[in-house]
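Below you'll find the structure, written out as structure tokens, and then a few comments.
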Amino acid sequence: GAVVSQHPSRVICKSGTSVKIECRSLDFQATTMFWYRQFPKQSLMLMATSNEGSKATYEQGVEKDKFLINHASLTLSTLTVTSAHPEDSSFYICSAPNMTNYGYTFGSGTRLTVV
Amino acid sequence: KNEVEQSPQNLTAQEGEFITINCSYSVGISALHWLQQHPGGGIVSLFMLSSGKKKHGRLIATINIQEKHSSLHITASHPRDSAVYICAASINTGTASKLTFGTGTRLQVTL
Numbered sequence: 029g030a031v032v033s034q035h036p037s038r039v040i041c042k043s044g045t046s047v048k049i050e051c052r053s054l055d056f057q058a059t060t061m062f063w064y065r066q067f068p069k070q071s072l073m074l075m076a077t078s079n080e081g082s083k084a085t086y087e088q089g090v091e092k093d094k095f096l097i098n099h100a101s102l103t104l105s106t107l108t109v110t111s112a113h114p115e116d117s118s119f120y121i122c123s124a125p126n127m128t129n130y131g132y133t134f135g136s137g138t139r140l141t142v143v
Numbered sequence: 102k103n104e105v106e107q108s109p110q111n112l113t114a115q116e117g118e119f120i121t122i123n124c125s126y127s128v129g130i131s132a133l134h135w136l137q138q139h140p141g142g143g144i145v146s147l148f149m150l151s152s153g154k155k156k157h158g159r160l161i162a163t164i165n166i167q168e169k170h171s172s173l174h175i176t177a178s179h180p181r182d183s184a185v186y187i188c189a190a191s192i193n194t195g196t197a198s199k200l201t202f203g204t205g206t207r208l209q210v211t212l
């Protein structure tokens with residue numbers, strides 16, 4: 029139980045285009061979703077926290093107009109990287125708190141490459 | 102100084118060895134998490150603990166709240182245990198607890 033499905037797993041896009049990443053909670057309601065970015069050999073960095081039905085909370089230094097987060101339902105949160113640049117190339121992963129013994133369920137991650 | 106620190110950063114072990122990864126934290130926490138990140142990037146939650154000890158198969162996690170220290174042990178290690186192990190502190194911010202991550206321990210278990 030408590031699965032978060034994340035798509036796409038890999039995406040290559042051209043500079044200047046936008047990419048949408050989806051995270052769906054399959055068997056539980058995710059009122060909160062955390063979005064992280066991870067550069068190679070580095071730790072996860074929290075980008076923003078989305079809450080169903082309200083505006084996302086962004087961490088310091090993360091541009092909210094560039095990384096658009098939508099959490100329109102209890103089972104779906106999306107992150108859109110707008111006007112992507114090569115420096116946005118990274119591994120993006122979502123995570124939702126749940127009521128299991130483990131506390132958090134992670135998506136499988138999206139490896140974004142901007143060329 | 103990071104709020105959550107792990108050691109060692111890298112660890113190589115032979116199959117069958119007993120492995121210990123340590124985590125120290127400097128903040129007040131509501132829980133301590135151990136995560137496993139596979140080479141492809143996927144992350145699996147292994148343990149969430151706020152006191153004492155938990156065991157799941159060959160994995161054991163302990164926490165000492167007074168010393169602000171946690172350990173993850175792997176008994177009878179196997180090459181399939183090769184992964185990055187991350188400890189993360191859950192800091193209650195009111196609405197939902199954020200996780201503060203350690204830098205990870207890269208484990209390689211060889212035959």
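These protein sequence lines map, in sequence, to chains A and B.
For the first sequence, the numbering used here gives the first residue as 29, with consecutive numbering after it.
For the second sequence, the numbering used here gives the first residue as 102, with consecutive numbering after it.
For each residue, glycine too, the CB sits at the ideal point set by N, CA and C.
Cβ pair I49 (chain A), S78 (chain A) closer than 9 Å: The Cβ-Cβ distance between I49 (chain A) and S78 (chain A) does not fall below 9 Å.
Neighbour list for G131 (chain A) in chain B, Cβ cutoff strictly below 7 Å: Result: A132, H134, S146, M149 and S191.
Length of the line joining the Cα atoms of V143 (chain A) and S136 (chain A): Each residue's alpha carbon lies about 23 Å from the other.
F95 (chain A) versus S71 (chain A) - alpha carbon distance: Near 19 Å, if we compare the C-alpha coordinates of S71 (chain A) and F95 (chain A).
Residue ranges of each alpha helix (DSSP H) within the segment 52-97 of chain A, 4 or longer: The qualifying runs do not exist here; there are none.
Residue from A:L140, A:M127 and A:S123 whose Cα sits closest to the Cα of A76 (chain A): Nearest to A76 (chain A) by alpha-carbon distance, out of A:L140, A:M127 and A:S123, is A:S123.
Segment limits, beta strand (DSSP E) that includes V196 (chain A): What the structure shows of chain A is the stretch from 29 to 143, and residue 196 (chain A) is not part of that stretch, so it cannot be assessed.
Pair within 9 Å by beta-carbon distance, I175 (chain B) and R159 (chain B): Contact: yes.
DSSP three-state assignment for P180 (chain B), whether helix, strand or coil: Look at P180 (chain B) here: in three-state DSSP terms it is helix.
Residue-chain proximity (K156 (chain B), chain A), Cβ-Cβ < 9 Å: Output row for K156 (chain B): interface = no.
Secondary structure of P125 (chain A), DSSP reduced to three states: Under the three-state reduction of DSSP, P125 (chain A) is assigned to strand.
Contact list for the segment 199-212 of chain B against chain A, Cβ threshold 8 Å: Flagged, chain order: K199, L200, F202, G203, T204 and G205.
Three-way DSSP call (helix, strand, coil) for E50 (chain A) in this model: In the structure shown, E50 (chain A) sits in a strand (DSSP, three-state: E or B).
Contacts that G143 (chain B) makes with chain A (C-beta to C-beta distance below 8 Å): Result: F134, S136 and G137.
Residues bridged to A114 (chain B) (per DSSP): Answer is B:V210, bridged to A114 (chain B).
Beta strand (DSSP E) segment containing Y132 (chain A), residue limits: Y132 to F134 is the extent of the beta strand (DSSP E) around Y132 (chain A).
Three-state secondary structure assigned by DSSP to E168 (chain B): Under the three-state reduction of DSSP, E168 (chain B) is assigned to coil, being neither helix nor strand.
Cut-off 6 Å between Cβ atoms - residues of its own chain near E86 (chain A), not counting five sequence neighbours on either side: Contrary to the premise, residue 86 (chain A) reads as Tyr rather than Glu in this sequence. In its chain, beyond the 5 residues on either side, A76 and K92 have a beta carbon closer than 6 Å to the beta carbon of Y86 (chain A).
Proximity test, S78 (chain A) beta-carbon vs the ligand ZN heavy atom, cut-off 8 Å: The ligand ZN is absent from the structure shown, which contains no ligand whatsoever.
Residue-level contact to chain B via CB, F56 (chain A), 9 Å cutoff: In terms of beta-carbon proximity, F56 (chain A) stays away from the interface with chain B, with every pair separated by 9 Å or more.
9 Å Cβ cutoff, T77 (chain A) in contact with chain B: Yes, contact with chain B.
Alpha-carbon to alpha-carbon, P36 (chain A) and V105 (chain B): So the two alpha carbons sit approximately 31 Å from each other.
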